[in-house]
Each structure stands twice: as structure tokens, then as C-alpha cells.
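**Student:** In our numbering, the protein residues as written are 9 to 178.
This is the structure I want to talk about, given as C-alpha cells.
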């Protein structure tokens with residue numbers, strides 16, 4: 009039996025444990041989007057459970073251990089496992105008069121597209137000191153991780169059914 013761990017992809021979880029779909033959806037309303045077959049084939053295959061926890065606004069240990077319990081696996085001690093932070097204080101670089109370019113990928117995601125290339129191109133086109141504001145219906149953890157790896161600073165804030173993620177090119 010494959011162990012359910014934070015780095016497991018959501019798609020693999022649902023492929024190997026289809027009975028856990030309702031458990032996952034019950035943990036956060038954000039996960040109802042997994043009912044869409046196209047979104048399930050695309051986003052679910054690149055998002056880890058740790059990233060999904062951030063999207064759903066729940067601690068990674070709660071997500072993983074709830075799924076493990078329903079799969080008959082023993083609880084993991086995930087002390088020290090980091091949650092993807094989506095509620096950090098507003099950073100200093102957001103308080104200055106900086107140029108902000110806005111990119112709303114809500115329609116792309118709702119039509120089951122993956123906006124990764126579009127977001128990367130917009131972020132890479134920024135000049136030093138500029139900010140990209142990404143608006144999305146879910147927390148795009150893989151995009152945030154990719155741009156953070158490329159030395160962009162990021163900050164996000166939930167706003168109703170949307171997330172606003174800011175990327176700073178410093």
C-alpha cells in the first residue's frame with residue numbers, strides 16, 4: 009500500500025485511493041473543483057497534498073492524517089512539516105509606491121486550463137522593483153514555489169472565493 013504523505017500528488021492519491029475523494033472534498037470547499045474531470049487530469053497531477061492543504065486553507069498535518077485515517081494508515085507525526093503560508097503579514101515591499109501589473113487567471117483555471125506559462129512570462133517580464141498581482145480562484149502553490157525558486161518574493165491574501173498573490177521582482 010502506497011503511504012499517503014505531504015509530497016504525494018493529489019492525482020495519484022485519487023487514482024490509488026478513489027474512495028478518499030469524498031473525504032478530501034469534505035475537508036475544504038475548494039476541493040469540490042476536483043469533480044471537474046479536466047481539472048482533475050491537469051492540476052491534480054502537479055499539486056501535492058501539501059500544496060492542496062494551502063489551497064484548502066487547512067494545516068497539512070490535518071489533511072494528510074485525515075486521509076491516512078480513512079485509508080487505514082497510521083497517523084504520521086508531521087511536526088516540523090511546513091504549511092504553505094497564505095496569511096502572512098503584509099511585507100514592506102507592498103507598502104511603497106510600486107508599479108503593479110495585474111493578471112487574473114480565474115477564467116483560465118475555471119475552463120480547466122493551466123496558467124503556468126502565462127504567469128511565468130508575466131513575472132519574468134517585470135522590471136526590478138515591480139510587482140505582479142495574480143488573481144486566482146485557488147491558491148496556485150506550484151506557481152508560487154516556482155517563482156520563489158526564481159528569487160521572486162511573494163505574499164498572498166485570500167479575498168472571498170479568490171486569492172491575490174503578489175510577486176515582487178527585487
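We put the CB at the ideal spot given by N, CA and C, even for glycine.
Starting from the C-beta of residue 33, find all residues in its chain whose C-beta is less than 6 Å away, skip the five residues before and the five after it, and write them out in chain order.
**Tutor:** On the chain shown, residue 33 is found 25 positions in, with the first residue counted as 1. Cβ neighbours of residue 33 beyond the five flanking positions: 39, 40.
**Student:** If I follow the unbroken beta strand (DSSP E) through residue 141, where does it start and stop?
**Tutor:** As a position in the chain shown, residue 141 is number 133, starting the count at 1. Counting along the chain, the beta strand (DSSP E) containing residue 141 begins and ends at 139 to 144.
**Student:** Short of 7 Å in beta carbon distance, which residues of its chain neighbour residue 145, apart from the five on each side in sequence? Order them along the chain.
**Tutor:** For the purposes of this step, residue 145 is identified with residue 137 of the chain shown, where counting begins at 1. Here the set comprises 114, 117, 118, 169, 170.
**Student:** Is DSSP giving residue 39 helix, strand or coil here?
**Tutor:** In the chain shown, the residue the question calls residue 39 occupies position 31. The answer is helix: DSSP assigns residue 39 an H, G or I state.
**Student:** Just the Cα atoms here: how many angstroms apart are residue 108 and residue 173?
**Tutor:** Position 100 of the chain shown holds residue 108. Position 165 of the chain shown holds residue 173. Cα-Cα distance, rounded: 12 Å.
**Student:** How long is the line joining the alpha carbons of residue 105 and residue 60, rounded to whole angstroms?
**Tutor:** Here residue 105 corresponds to residue number 97 of the chain shown, with the count starting at 1. Here residue 60 corresponds to residue number 52 of the chain shown, with the count starting at 1. Cα to Cα, residue 105 sits roughly 33 Å from residue 60.
**Student:** Which value, in whole angstroms, describes the spacing of the CA atoms of residue 46 and residue 22?
**Tutor:** Walking along the chain shown from the start, residue 46 turns up at place 38. Walking along the chain shown from the start, residue 22 turns up at place 14. The straight-line gap from Cα to Cα measures roughly 14 Å.
**Student:** If we ignore side chains and look at the alpha-carbon of each, how far apart do residue 111 and residue 80 end up?
**Tutor:** For the purposes of this step, residue 111 is taken as residue 103 along the chain shown, with counting starting at 1. For the purposes of this step, residue 80 is taken as residue 72 along the chain shown, with counting starting at 1. Each residue's alpha carbon lies about 42 Å from the other.
**Student:** Measuring alpha carbon to alpha carbon, tell me which residue in 133, 53, 11 is nearest residue 78.
**Tutor:** Counting from one through the chain shown, the residue named residue 78 turns up at place 70. Comparing Cα-Cα distances from residue 78 to each of 133, 53, 11, the minimum goes to 11.
**Student:** Name the two residues that bound the continuous beta strand (DSSP E) containing residue 156.
**Tutor:** As a working mapping, residue 156 is identified with position 148 in the chain shown. Residue 156 -> not in any beta strand (DSSP E); alpha helix (DSSP H) instead, spanning 149 to 157.
**Student:** Do residue 136 and residue 177 come within 7 Å of each other at the CB atom, strictly closer than that value?
**Tutor:** Mapped onto the chain shown, residue 177 falls at position 169. Mapped onto the chain shown, residue 136 falls at position 128. In this structure, residue 136 lies closer than 7 Å to residue 177 by Cβ.
**Student:** Name the one or two DSSP bridge partners that residue 173 has.
**Tutor:** Walking along the chain shown from the start, residue 173 turns up at place 165. Bridge partners of residue 173: 142, 164.
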